[in-house]
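If you count the sequence shown from 1, you need to add 459 to reach my numbering. Just so you know, even glycine gets a beta-carbon here, dropped at the ideal spot from N, CA and C. In what follows, a structure is listed as structure tokens, so that the remarks can point back to it.
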Amino acid sequence: MTAATGSEDHGPMPSPQELAGLLPFLSVAEVENLLPYLAVRHLAAGEVLMQEGDPAECMGFLMSGRLAVKKQTSFEGRYILVAVIEPGGLVGELAVVEKGRRTATVAAMEESRLLVLPHEGMNRLLAEDNPLAVKLFQRIIHVLGHRLRGASERLARIL
């Protein structure tokens, strides 16, 4: 596997009921419809999931563990911690909206498991289950709005 998707996990797919608890914006039936588009990925502590500058090809839903989102500074090899993603959180969500380059590095702070949705999977979901795709996009917009508000507040305190 590439850094963009983590390492292969041969563990079982979680049940729709388990996932509905982690993704409360979806019903159990919606989770069941989403499962065929997802893959389970496992990360060891310290393993890089996404590298800043790499092609953005997928997003993830964190099931367990914690992920550090880091941004490279102007000093070579130095990073600033931007966020910590907890279970139920989204990571790399812009990749399913538009293919581009990763804007940050994401690494596992501890052993972690994710459900990965590739860009092509989201395109299939749009064609095959538009209402569910729209619900995912609404969640992505909600998360991005929350993150933007937080960044704006931090910037206002600095200035």
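With a threshold of 16 other CB atoms inside 10 Å of the CB of T564, please say whether the residue is buried or exposed.
With 16 or more Cβ atoms within 10 Å of its Cβ, T564 is classed as buried.
Round the Cβ separation of P524 and E489 to the nearest angstrom and send it over; I've been treating them as touching at under 8 Å.
The residue you asked about is not Pro; residue 524 is Gly in the sequence shown. Not really, about 24 Å apart at Cβ, beyond 8 Å.
Taking the alpha-carbon positions, what's the F596 to M581 distance?
Rounded to whole angstroms, F596 and M581 show a C-alpha spacing of 10 Å.
Let me know the secondary structure DSSP gives K594 once reduced to three states.
Assignment of K594 by DSSP, reduced to helix, strand and coil, places it in the helix class.
Cα-Cα separation between K529 and D513, rounded to whole angstroms:
Distance from the CA atom of K529 to the CA atom of D513, rounded to whole angstroms, is 14 Å.
Does the region 527-546 come into contact with the region 470-480, if we say contact requires no fewer than three beta-carbon pairs (one atom in each stretch) closer than 8 Å?
Verdict: no, contact absent.
Measure how close the beta-carbons of G505 and G551 come, nearest whole angstrom, since I'm counting them as under 8 Å.
So it is not a contact: roughly 18 Å between Cβ atoms.
Contained beta strand (DSSP E) runs [length at least 3] in the region 511-575, N- to C-terminal order
Annotation note: the region 511-575 contains the following uninterrupted beta strand (DSSP E) runs of length 3 or greater, listed N- to C-terminal: 517-523, 526-531, 538-544 and 564-567.
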